[in-house]
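Comments concern the structure below.
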Amino acid sequence: MASKGMPYPQLLLPGAILIELGGGLALMLGWKARWAALAIFLFCIPTTLIFHNYWAVPPEQAQNQMIHFLKNFAVMGGLLYVVAFGPGPFSLGGSRRRR
Numbered sequence: 016m017a018s019k020g021m022p023y024p025q026l027l028l029p030g031a032i033l034i035e036l037g038g039g040l041a042l043m044l045g046w047k048a049r050w051a052a053l054a055i056f057l058f059c060i061p062t063t064l065i066f067h068n069y070w071a072v073p074p075e076q077a078q079n080q081m082i083h084f085l086k087n088f089a090v091m092g093g094l095l096y097v098v099a100f101g102p103g104p105f106s107l108g109g110s111r112r113r114r
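Going letter by letter, the sequence shown gives residues 16 to 114 in this note's numbering.
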């Protein structure tokens, strides 16, 4: 974070860890998955733009950064899917149909 010029990395790093681990676990278990997916989605926007800015790196690094940028973009699409449709019936927060 400090190498990218981010202010207060000692304060932002614990927040990033909390969103990545806590949100990832909540998403994996399906507990409050829509909120977790939304938090991770919003976290991915500045993270992708700051850390994978392929347009501002030397040419020998541009392809690698572009791959990571597009990977994050695809992950963000999947997160929006969870926000829209929920975690599914076999999750902790899912609704199981009863017969």
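By construction, the Cβ of each residue, glycine as well, lies at the ideal position given by its N, Cα and C atoms.
### Message
Is the beta carbon of L94 closer than 8 Å to that of A52?
### Response
Along the sequence shown, one-based indexing puts residue 52 at 37. Along the sequence shown, one-based indexing puts residue 94 at 79. Result yes, Cβ atoms of A52 and L94 sit closer than 8 Å.
### Message
Just to confirm the assignment, what range does the alpha helix (DSSP H) spanning I34 have?
### Response
In the sequence shown, counting from the first residue as 1, residue 34 sits at position 19. Segment: none, I34 is in no alpha helix (DSSP H) and carries neither H nor E.
#### Entry: Which of helix, strand or coil DSSP assigns to P29
As a working mapping, residue 29 is identified with position 14 in the sequence shown. Residue state, collapsed to three classes: helix.
### Query
So is P102 buried or exposed if we call it buried at 16+ other beta carbons inside 10 Å?
What you label residue 102 is simply residue 87 of the sequence shown in a count that begins at 1. P102 comes out buried.
### Message
For G108 and A54, which I take to be in contact (beta-carbon distance under 8 Å), what is that distance rounded to the nearest angstrom?
### Response
Taking the sequence shown and counting its residues from 1, the one referred to as residue 108 is at position 93. Taking the sequence shown and counting its residues from 1, the one referred to as residue 54 is at position 39. Contact doesn't hold; Cβ gap of about 14 Å is too wide.
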